[in-house]
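K.L.:
Sequential numbering from 2 applies to the sequence shown in our numbering. Think of the CB as a built atom: it goes at the ideal place given N, C-alpha and C, for glycine as much as any other residue.
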Amino acid sequence: GRRAELPNYTAPIEVNFQGTPLESFINEDWPDFDSDGMPYGHPSATEADFEAFPGWVPFGTLGDEESPFLMCEAGQAPCAVAMWEQDSAELTPVADSLDAFLAALVV
């Protein structure tokens, strides 16, 4: 139920910190397709190259069908937050710290 103001979005967008889309990043053996051949999980879960961003972990998804997702620099305080973007396969800075990001969330 929380929304964040993010780069490249004109209005705050819903942020999800749980659910099937986020789980698809965390489980390495997550399948791309269900038994009917339909894709499920997050649309970018199989596209993002996490080895390119050591210390960064996915921690939030955006909206229902959005391909960008949020990552946190968990290996180093103050845990910066960035958005992975499908078009560039790069991280766009969102907040200097996880605390600042969480404090800026709106209902």
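In angstroms with no decimal places, state the Cα-to-Cα distance between Glu24 and Glu6.
P.N.:
Taking the first residue of the sequence shown as position 1, residue 24 is located at position 23. Taking the first residue of the sequence shown as position 1, residue 6 is located at position 5. Glu24 and Glu6: Cα-Cα distance of roughly 23 Å.
K.L.:
Go ahead and label Glu52 buried or exposed: buried means 16 or more other beta carbons lie within 10 angstroms of its beta carbon, across all protein chains shown.
P.N.:
Along the sequence shown, read from residue 1 onward, the residue named residue 52 stands at position 51. Counting Cβ neighbours within 10 Å, Glu52 comes out exposed, since fewer than 16 surround it.
K.L.:
Starting from Leu99, trace the alpha helix (DSSP H) in both directions and tell me its first and last residue.
P.N.:
As a first step, residue 99 is located in the sequence shown; it is residue number 98 there, counting from the start. Looking at the DSSP string, the run of the alpha helix (DSSP H) that includes Leu99 is 99 to 105.
K.L.:
My guess is that Met84 and Pro8 are in contact by the Cβ rule of under 8 Å, so how many angstroms apart are they, rounded?
P.N.:
Translated into the one-based positions of the sequence shown, residue 84 becomes position 83. Translated into the one-based positions of the sequence shown, residue 8 becomes position 7. Contact holds; Cβ gap of about 7 Å.
K.L.:
Three or more C-beta pairs closer than 8 Å, one from the stretch 86 to 95 and one from the stretch 13 to 22: is that the case here?
P.N.:
No: the two stretches stay apart, fewer than three of their Cβ pairs being nearer than 8 Å.
K.L.:
Which residue spans inside the stretch 8 to 67 form an unbroken beta strand (DSSP E) run of at least 3?
P.N.:
Correct list: 14 to 17, 57 to 63.
K.L.:
In the DSSP output, what is Glu86 paired with across the bridge?
P.N.:
The residue labelled residue 86 in the question sits at position 85 within the sequence shown. DSSP output for Glu86 lists Glu91 as bridge partner(s).
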